[in-house]
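Counting in full-length UniProt numbering, the sequence shown runs from 1 upward without gaps.
We put the beta carbon where it would ideally sit given N, CA and C, even for glycine.
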Amino acid sequence: MQRSHRLAYLPYLCILPAFIGCLVFTVYPVIYLFYLSLYKVDLLSNTWEFVNIQNYLELGHSKDFLQVLRNSVIYSFFTVSISCCLSLVLAVVLNRPGRLHQFVQSAVFSPHIIPLVSVSLLWMWMMDKDYGLLNMVLQSLHLPKLMWIDSPATSLMSLILVAIWKSLGFNILLIIAGMHAIPVPVIEAARMDNANPITMVTQIFIPLLSPTLFFMLTVNIIASFQVFDSVKVLTSGGPSNSSNVLVYWIYQSGFEFYKFGEASTGAVILFVIVSIVTIANFLILRSRIHYH
């Protein structure tokens with residue numbers, strides 16, 4: 001009896017190290033972040049001035065921060081929407097037996113396993129305004145060159161292009177894995193009813209893949225708001241703040257300008273935005289998710 005009583009506590013003892021790690025490295029930093037956002041911090045003189053919500057009010061009236069916020073929303077919207085839709089189409093096309101399709105699947109997935117810094121350096125060369133591969137292609141088609149990452153008009157678009165290319169492999173792999181879980185009789189019955197490809201996608205694949213698509217959408221939204229590496233390598237937030245996004249702005253404020261109060265405020269705003277978008281995504285789509 002005593003032995004079984006002791007064993008009842010064993011699962012809790014097993015998860016205790018992970019629970020302590022979660023408290024120390026996740027919960028405490030988030031709480032401290034909210035606390036720090038209420039202060040003006042000057043590390044040079046080691047002074048902390050309590051300003052209540054003044055940091056939030058200042059950011060709300062800052063044109064630079066509002067532009068960064070706008071860039072983040074635009075980046076997230078186009079990256080997630082284009083990547084998810086394109087991934088679904090390509091997954092349907094690639095989900096076929098045969099060595100050729102297996103090779104193409106591997107090739108499509110390969111960008112996901114390459115570090116984003118390496119991917120960004122590759123795209124930096126491709127987007128070079130003078131010797132880049134993309135401008136060579138445009139010239140061969142008798143089209144004008146683009147400035148890509150060197151112009152305020154195209155810098156954010158260039159980052160979106162890199163993000164879509166990077167995320168396609170992961171999304172396609174998820175969808176194909178979900179397709180393999182669809183019961184074969186369901187697909188065969190649809191084909192016997194002469195369902196065309198559009199009907200197969202809209203009436204069979206999307207409903208039965210809804211849990212996978214929901215997970216993919218949520219992960220992509222969170223990742224799009226957390227982008228940093230490609231911005232740092234390709235544009236450094238420029239030109240003229242045209243490609244700056246929230247995480248990079250937080251990095252600049254904290255580690256370049258040493259405004260840790262403002263940086264913490266920006267991080268809290270990012271936390272709130274991602275939380276609201278994720279919860280709204282769940283509330284809106286949960287009634288349309290079909291678990292089979």
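Work out the CA separation of E256 and L90 for me, nearest whole Å.
42 Å
Using only CA atoms, which one of L246, A8, F260 and P17 lies nearest to L44?
F260
Could you pull the DSSP bridge partners for F271 from this structure?
Beta-bridge pairing links F271 to no other residue.
So, using beta-carbon positions, are V245 and V233 closer together than 7 Å?
no
Per DSSP, which one or two residues make a beta bridge with E49?
K40
If you scan the region 89 to 153 from start to end, which runs of the alpha helix (DSSP H) of 4 or more residues do you find wholly inside it?
99 to 113, 116 to 126 and 133 to 140
Are three or more beta carbon pairs between the region 106 to 118 and the region 186 to 204 nearer than 8 Å?
no
The alpha helix (DSSP H) with N220 in it runs from where to where?
S210 to F225
What is the DSSP secondary structure of A8, reduced to helix, strand or coil?
coil
Would L59 and T265 be called neighbours here (beta carbons separated by less than 7 Å)?
yes
Span separating the alpha-carbon of L143 from that of I160:
21 Å
Rounded to whole angstroms, how far is the Cβ of S243 from the Cβ of N71, which I believe are closer than 8 Å?
7 Å
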